[in-house]
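S.K.:
There are 2 protein chains.
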Amino acid sequence: MATKNLAAWACHLNPGDLPSTVKHAAVRSLYNYLGCAIGGSRHPAVEKAYATFEPFFGASSSTIYGHGRKNRTDAQHASLLNGIASHVHDYDDTHLATIIHPTGPVASALLAYAEYRGSISGEDLLCALVAGIEASCKVGLAVWPSHYDIGWHIMSSTGSIGAAVGVGKLLELNEEQMAHAIGLAAVQVIGLREMFGSDTKSFHPGRAAQSGLMAALMAEKGYTSSLQALEAKRGWANVVAGGGTPKLDHYIAELGKKWEIEANAFKPFPCGISKGLAVGEIQRVEVRVHPLVIELTSKRKPKDGLEGPAQHSDATVTDPNVVSIRDIVEATPNEDVGADEAYLRIHFADGQTLANHVKHAVGSLEKPMTDEQLTEKFLDQTTLVLGKAKAVAASNIAWAVAEGPDVAGMLRDL
Amino acid sequence: MATKNLAAWACHLNPGDLPSTVKHAAVRSLYNYLGCAIGGSRHPAVEKAYATFEPFFGASSSTIYGHGRKNRTDAQHASLLNGIASHVHDYDDTHLATIIHPTGPVASALLAYAEYRGSISGEDLLCALVAGIEASCKVGLAVWPSHYDIGWHIMSSTGSIGAAVGVGKLLELNEEQMAHAIGLAAVQVIGLREMFGSDTKSFHPGRAAQSGLMAALMAEKGYTSSLQALEAKRGWANVVAGGGTPKLDHYIAELGKKWEIEANAFKPFPCGISKGLAVGEIQRVEVRVHPLVIELTSKRKPKDGLEGPAQHSDATVTDPNVVSIRDIVEATPNEDVGADEAYLRIHFADGQTLANHVKHAVGSLEKPMTDEQLTEKFLDQTTLVLGKAKAVAASNIAWAVAEGPDVAGMLRDL
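Chain order of the listed sequences is D and Y. Here the first sequence is numbered in the numbering used here, starting from 17 and rising by one per residue. Here the second sequence is numbered in the numbering used here, starting from 17 and rising by one per residue.
Spelled out as C-alpha cells, the structure:
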C-alpha cells in the first residue's frame with residue numbers, strides 16, 4: 017500500500033496543513049535552491065549541456081536561472097538545465113539522515129512547470145515543494161543505507177519520485193493518477209556514485225527533475241504504470257535496495273507527522289570544509305573525522321574544480337598554496353566521530369600546536385544557518401554571475417517568490 | 017577496462033568488418049523494427065505519450081513512423097515515441113540468451129538522429145546498429161540472469177547503453193568520448209518488470225532510446241562521466257546486478273568474435289502463442305512449458321490488450337470465445353522443458369485427445385523466420401495502420417533502407 021498511501025497523502029495535502037516551521041523551512045529551501053541554480057548557471061557542465069540540448073528546445077516558457085528573460089527554454093529543458101546548475105557546485109541543501117539534496121530535483125521540475133502553466137500561487141508552489149521533498153526523503157529513508165552503499169546517487173534516484181509527486185500536486189492529479197506518476201518516475205532510476213568528480217554527477221538531479229516532471233504529465237494523460245510501483249516484489253524499493261528489507265510502510269506512515277524538510281540543512285561551504293588558514297608556518301594538520309568524510313572528500317590531487325571542493329575554480333584547486341596545505345593534511349577516519357563533527361590539530365613550524373573540536377559544523381541541524389547567513393551565501397554565489405546589484409534584486413525575488421498569486425511573473429527575472 | 021574496451025571496439029568497427037551473416041541479421045532486425053514501430057504507432061500508449069510531449073516538441077526533423085511526412089518531431093521525441101511504438105505490441109525481436117529486445121532502443125535512437133543529421137549512409141547506419149546491439153547484448157550477458165531476476169526490464173536497462181554506442185558511432189566519437197557516452201547512458205537505468213501489463217512497459221525502450229541518444233550527444237560536447245562506468249566498484253554492473261559477479265571482461269572480449277545479433281530471433285506471434293483452434297468442442301487444454309513462460313503470460317483475466325497477448329485488441333482479449341479457451345487451459349511449469357518448447361494435449365468433448373510436441377517454436381534460432389515470413393508479418397502489422405497499398409510500399413522501403421547514400425530520404429515516407 018506504500019505507493020497508494022504516498023499518493024493519497026500527497027493528493028490531500030493542503031497549504032493550510034503545513035506548520036509554520038515547515039513553511040519557513042520550505043521558503044529557505046527554495047531560496048537556497050535559487051541561489052545555487054543561479055550560482056551554477058555559468059559552470060562548464062551547464063554550458064555543455066546547454067549546447068547539447070539547444071537544437072532540441074521547444075517553445076520558450078521557462079527561465080534558465082542566471083539567464084533571465086533573455087534566454088529561456090521549454091519546461092522540460094529548463095528543469096534539466098536548472099537541476100544541473102543547482103548541484104554543480106555541491107552547494108545545495110542536505111537532508112542529513114539520507115544525505116539527499118532534496119530541493120534540486122523537486123524545485124527544478126516545479127518551477128519550470130509553474131512558468132509553463134502560469135497562475136500557480138506561491139502558496140500552492142510551497143505545498144507542492146513540501147510534498148515532493150517529503151516523498152523523496154521518505155522513500156530515501158526506506159532504502160537507506162543499503163541503497164546508497166550499493167552505489168546509487170540517492171539524491172537523483174529518489175529525486176524523480178519527489179519531482180513527480182510535486183508536479184502531480186500542481187496538476188491536481190487524483191490518487192490513481194498520482195500513483196501512476198510515482199510509478200513512471202520510479203522506473204527511471206538515475207545516478208551512480210561512480211560519477212562523483214565528473215560532470216555527470218550534476219546531470220543526475222537535472223535528469224531526475226525532467227523525468228519526474230514528465231512522469232506527472234504522462235499520468236495526467238492517462239498513461240498507466242503500477243499501483244504498487246514502490247513496494248511490489250519487483251518494484252522500486254526491492255530492486256534498488258539490493259534485497260534489503262524495505263521500510264517503506266513505516267516511513268510512508270510518518271508522512272505529515274514527521275516532516276523531513278525540517279531536517280534539511282544548508283551548506284555554508286561546499287563540502288563543509290572551512291578555509292582561510294595561514295599557510296606558511298603550518299607543518300602538519302591532523303584531522304579526525306567520520307569515515308564517510310574521507311570517502312567523499314579524499315581526492316588528494318583533484319584535476320579540476322569538480323574533483324576538488326566544488327566551490328573552488330580549477331585555478332584555485334591547482335593553486336600552490338592550496339596544494340601545499342592539502343599535502344600536509346592527515347585525515348584519520350573514526351566511526352565514533354559524528355558525520356558533521358571534526359577533531360583538528362595543527363602543528364606549526366616552531367613546535368607549537370593548535371587544537372580544536374567542532375562538535376557540529378555550521379549548517380548542521382544543531383547549528384543551522386540563519387536567514388541572514390543564507391542571504392550572505394546567496395549573494396556570494398550569485399554576485400559572481402549577475403554582479404552585485406542584480407544579485408541583491410535576485411535575492412529579494414527569491415525570498416518573496418513563495419508569496420503572491422503567480423510565481424511565474426517573479427521567476428522570469430532570475 | 018570493460019568500458020574502455022567496449023568504447024575502443026565500437027569506435028574502430030567498420031562496415032567492412034561485418035560478416036555477411038551479421039549484415040543480413042542487421043537488415044532483418046531493422047526491417048522487423050520498422051514493422052513493429054509502424055504497427056504500434058496508433059496504440060493508446062503512444063497516443064497518450066504523444067499528447068503529453070507534443071507541447072514540448074522542438075523543430076521537426078524526424079519521422080514518427082506510421083505518421084509519415086505529415087507529422088514529424090524533433091529527434092529526441094521521435095526516438096522516444098518510436099521506441100514506445102516498437103515494443104507496445106510485444107512483437108519485437110528477442111536476443112534469446114538474455115531475452116533482450118535489442119533493436120528497439122538502438123534503432124529508435126539511430127534513425128531519429130540519422131534524419132536530424134542527414135547524409136548518413138545505409139552502410140554506416142547498419143554498422144552503428146550492429147555496434148549498439150552488440151553493446152546492449154554483451155553488457156546484458158554480463159549481468160544475466162541476476163539483473164533480470166532482481167526485477168529490471170533488461171531491454172531498457174541495457175538499451176540506453178546500446179543506443180549511446182550506436183549514436184556515438186554516427187557521431188564518430190573518439191574512444192574517450194565514447195566511454196563518457198557509455199557512462200552517461202549507464203547512469204540512466206530504466207525499466208522495472210513490475211510494469212509489465214501497463215503502458216509503462218513500452219515507455220521503457222522509448223526512454224532508453226532517448227537517453228542513449230542524448231548521452232552520445234552530450235559526450236560529443238565534452239560532457240564527462242567515468243572511464244570505468246561499467247566495471248567500477250560503484251559502476252553499472254555492480255549496482256544493477258545486485259552484487260553478482262560481473263562477467264563483463266569475458267563478454268566484452270568476445271566483441272567482434274561472437275556476434276550477438278546472429279542470435280537475435282523474431283517473434284511470429286506476440287508471446288509466441290498460436291491462434292486459430294476450433295473452440296466449441298475443446299474441453300480442456302494441457303500445456304507443459306518452461307516456468308518463465310507461465311510467469312510472462314499467466315494473466316488469466318487480462319483487462320485490456322496490454323495485459324493479454326499484445327497482438328490482440330482490447331475487444332479480442334475480452335471476446336467470449338477467447339475467454340472460454342483461456343479458462344480451460346492448464347499450464348504446468350517444468351524446468352526440463354526448453355524456453356521455446358511446448359508439450360500440448362487437447363481434450364475434446366467426445367473423449368478424443370490430440371497431442372503435439374513443439375521442440376522449437378517458429379521464430380526460435382533453430383527454426384528462424386524466413387525473410388518471406390518476416391515480410392508477411394510486417395504487412396500484417398502495418399496494413400492495419402497504413403492500408404494495404406501503403407503497407408507494401410513501406411515494406412519495400414524498410415527492406416531497402418540500409419542501402420543507398422542517405423537513409424533520411426527513405427525514412428520520411430514511413
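Don't be surprised by glycine CBs; every beta carbon is placed ideally from N, CA and C.
Quick one: is G120/D buried, meaning 16 or more other Cβ sit within 10 Å of its Cβ, or exposed?
M.R.: Taking the first sequence and counting its residues from 1, one reaches residue 120/D at position 104. G120/D is buried by the Cβ-count criterion.
S.K.: What three-state label does DSSP hand V305/Y in the structure shown?
M.R.: Counting from one through the second sequence, the residue named residue 305/Y turns up at place 289. Three-state result, V305/Y: strand.
S.K.: With which residues is G74/D paired in a DSSP beta bridge?
M.R.: On the first sequence, position 58 is the one that residue 74/D refers to. Note: G74/D sits in a beta bridge opposite G74/Y.
S.K.: Hey, does E210/D have any beta-carbon neighbour from chain Y nearer than 7 Å?
M.R.: Counting from 1 along the first sequence, the entry for residue 210/D is found at position 194. For E210/D, the answer is yes, since a Cβ of chain Y falls inside 7 Å of its Cβ.
S.K.: Along chain Y, which residues have their Cβ under 7 Å away from the Cβ of V255/D?
M.R.: For the purposes of this step, residue 255/D is taken as residue 239 along the first sequence, with counting starting at 1. Within chain Y, the residues near V255/D are I166, G167, W168, L208.
S.K.: Between G118/D and I166/D, how many whole angstroms is the CB-CB distance? I'm expecting something under 8 Å.
M.R.: The residue labelled residue 118/D in the question sits at position 102 within the first sequence. The residue labelled residue 166/D in the question sits at position 150 within the first sequence. Strictly speaking, residue 118/D in this sequence is Pro, with Gly absent from that position. The beta-carbon separation of P118/D and I166/D, rounded to 20 Å, does not stay under the 8 Å limit for a contact.
S.K.: Give a yes or no on whether the minimum CB-CB distance between Y49/D and chain Y is below 7 Å.
M.R.: Translated into positions along the first sequence, residue 49/D becomes position 33. Cβ-Cβ to chain Y under 7 Å: no for Y49/D.
S.K.: Bridge partners of Q204/D, per DSSP?
M.R.: Locating residue 204/D in the first sequence gives position 188, counting from the first residue. In the DSSP secondary-structure assignment, Q204/D is bridged to I206/Y.
S.K.: To which residues of the same chain is L208/Y closer than 7 Å at the C-beta, ignoring the five residues directly before and after it?
M.R.: The sequence position of residue 208/Y within the second sequence is 192, counting from 1. Correct list, in chain order: G167, W168, H169.
S.K.: In chain order, what are the residue ranges of uninterrupted alpha helix (DSSP H) at least 4 long that sit wholly in the region 123-202 of chain D?
M.R.: As far as the region 123-202 of chain D is concerned, its whole alpha helix (DSSP H) runs of at least 4 residues are 138-159, 162-166, 170-173, 175-186, 191-202.
S.K.: Can you tell me whether DSSP reads N350/D as helix, strand or coil?
M.R.: For the purposes of this step, residue 350/D is identified with residue 334 of the first sequence, where counting begins at 1. DSSP places N350/D in coil when its eight states are reduced to three.
S.K.: Sort R428/D, G272/D, V301/D by Cα distance to G6/D and report the nearest one.
M.R.: Residue numbering for chain D in the displayed model covers 17 to 430; residue 6/D lies beyond these limits and cannot be assessed.
S.K.: Opposite I298/D in the DSSP bridges: which residues?
M.R.: Here the question's residue 298/D lines up with position 282 in the first sequence. Answer is F364/D.
S.K.: Measuring straight from C-alpha to C-alpha, what distance separates H163/Y and Q204/D?
M.R.: The residue given as residue 163/Y occupies position 147 in the second sequence. The residue given as residue 204/D occupies position 188 in the first sequence. Approximately 16 Å between the Cα atoms of the pair.
S.K.: Use the C-beta contact count for D356/Y: other C-beta atoms within 10 angstroms, 16 or more gives buried, fewer gives exposed.
M.R.: Reading the second sequence from its first residue, position 340 is the one you call residue 356/Y. It counts as buried.
S.K.: For the region 410-430 of chain Y, list every residue whose C-beta sits within 8 Å of some C-beta in chain D, in sequence order.
M.R.: none
S.K.: Examine chain D for any beta-carbon lying closer than 7 Å to the beta-carbon of R85/Y, and answer yes or no.
M.R.: What you label residue 85/Y is simply residue 69 of the second sequence in a count that begins at 1. Cβ-Cβ to chain D under 7 Å: no for R85/Y.
S.K.: The beta strand (DSSP E) that contains T369/Y, what's its start and end?
M.R.: Counting from one through the second sequence, the residue named residue 369/Y turns up at place 353. Unbroken beta strand (DSSP E) run through T369/Y: 369-374.
S.K.: Give me the Cα-Cα distance between I198/Y and P31/Y, rounded to the nearest whole angstrom.
M.R.: As a position in the second sequence, residue 198/Y is number 182, starting the count at 1. As a position in the second sequence, residue 31/Y is number 15, starting the count at 1. Computed Cα separation, rounded: 21 Å.
S.K.: Output needed in chain order: residues of the region 366-390 of chain Y with a Cβ under 7 Å from some Cβ in chain D.
M.R.: If the cut-off is 7 Å between Cβ atoms, the region 366-390 of chain Y has nothing near chain D.
S.K.: Leaving out five residues before and five after Y66/D in sequence, what residues of the same chain have Cβ atoms less than 7 Å from its Cβ?
M.R.: Position 50 of the first sequence holds residue 66/D. For Y66/D, where only same-chain residues beyond five positions count, the Cβ hits under 7 Å are L97.
S.K.: For a contact defined as C-beta to C-beta under 9 Å, what are the partners of G199/Y on chain D?
M.R.: Numbered from its first residue, the second sequence carries residue 199/Y at position 183. Neighbours of G199/Y on chain D, chain order: L208, E210, M211, S214, T216.
S.K.: To the nearest angstrom, how far is the alpha carbon of P60/D from that of A279/Y?
M.R.: Residue 60/D sits at position 44 when you count from the first residue of the first sequence. Residue 279/Y sits at position 263 when you count from the first residue of the second sequence. Answer to the nearest angstrom: the Cα atoms are 43 Å apart.
S.K.: Is N254/Y helix, strand or coil by DSSP?
M.R.: For the purposes of this step, residue 254/Y is identified with residue 238 of the second sequence, where counting begins at 1. Taken through DSSP and simplified to helix, strand or coil, N254/Y comes out as helix.
S.K.: For S78/Y, count neighbouring C-beta atoms within 10 Å of its own C-beta (all shown protein chains included) and say buried if the count is 16 or more, exposed if not.
M.R.: In the second sequence, residue 78/Y corresponds to position 62, counting from 1. Classification of S78/Y: buried, given that the 10 Å Cβ count is 16 or more.
S.K.: In chain order, what residues of the same chain have a beta carbon less than 7 Å from the beta carbon of Q327/Y, not counting five sequence neighbours either side?
M.R.: Here residue 327/Y refers to the residue found at position 311 of the second sequence. For Q327/Y, the pLDDT reaches just 45, beneath the cut-off of 50, and the residue's location in the model is therefore unreliable, although a value from the coordinates is still provided. Only H105, Y107, F285, P286 meet the Cβ criterion.
S.K.: Indicate whether at least one CB of chain D lies closer than 7 Å to the CB of P325/Y.
M.R.: As a working mapping, residue 325/Y is identified with position 309 in the second sequence. Low per-residue confidence applies at P325/Y: pLDDT is 40, beneath 50, and the placement is therefore not dependable, though the value from the model is reported in the following sentence. No, because no Cβ of chain D sits closer than 7 Å to the Cβ of P325/Y.
S.K.: Assuming F282/D contacts G379/D (C-beta within less than 8 Å), just tell me the rounded distance between them.
M.R.: Indexing the first sequence from 1 puts residue 282/D at position 266. Indexing the first sequence from 1 puts residue 379/D at position 363. Confirmed, about 5 Å.
S.K.: Cβ of T174/D less than 7 Å from any chain Y Cβ?
M.R.: Numbered from its first residue, the first sequence carries residue 174/D at position 158. No - not a single Cβ of chain Y is within 7 Å of the one on T174/D.
S.K.: Taking only three categories from DSSP, how would you classify I115/D?
M.R.: As a first step, residue 115/D must be located in the first sequence, where it is residue number 99. The answer is coil: DSSP assigns I115/D none of H, G, I, E or B.
S.K.: Within the same chain, show all residues whose beta-carbon is closer than 7 Å to that of T174/Y, passing over the 5 residues directly before and after it, in chain order.
M.R.: Translated into the one-based positions of the second sequence, residue 174/Y becomes position 158. If we look at T174/Y and ignore the five residues flanking it on each side, its Cβ neighbours are I116, S152, V155, G156.
S.K.: Return helix, strand or coil for A358/Y, following the three-state DSSP convention.
M.R.: On the second sequence, position 342 is the one that residue 358/Y refers to. A358/Y falls in the strand class under three-state DSSP.
S.K.: Run down chain Y in chain order and give the residues with a C-beta less than 7 Å from the C-beta of A248/D.
M.R.: Looking up residue 248/D in the first sequence gives position 232. By Cβ distance, chain Y contributes E210.
S.K.: Would you list the one or two residues that DSSP bridges to V4/Y?
M.R.: Because chain Y here runs from 17 to 430, residue 4/Y falls outside it and cannot be looked at.
S.K.: Can you tell me which of C52/Y, L430/Y, A179/Y puts its alpha carbon nearest to the alpha carbon of Q92/Y?
M.R.: Residue numbering aside, residue 92/Y sits at position 76 when the second sequence is read from its first letter. Distance from the Cα of Q92/Y is smallest, within the candidate group C52/Y, L430/Y, A179/Y, for A179/Y.
S.K.: Apart from the five residues just before and just after A101/D, which ones in its own chain have a Cβ nearer than 6 Å to its Cβ?
M.R.: Residue mapping note: residue 101/D aligns to position 85 of the first sequence, counting from 1. Cβ within range, chain order: A53, G56, S57, V62.
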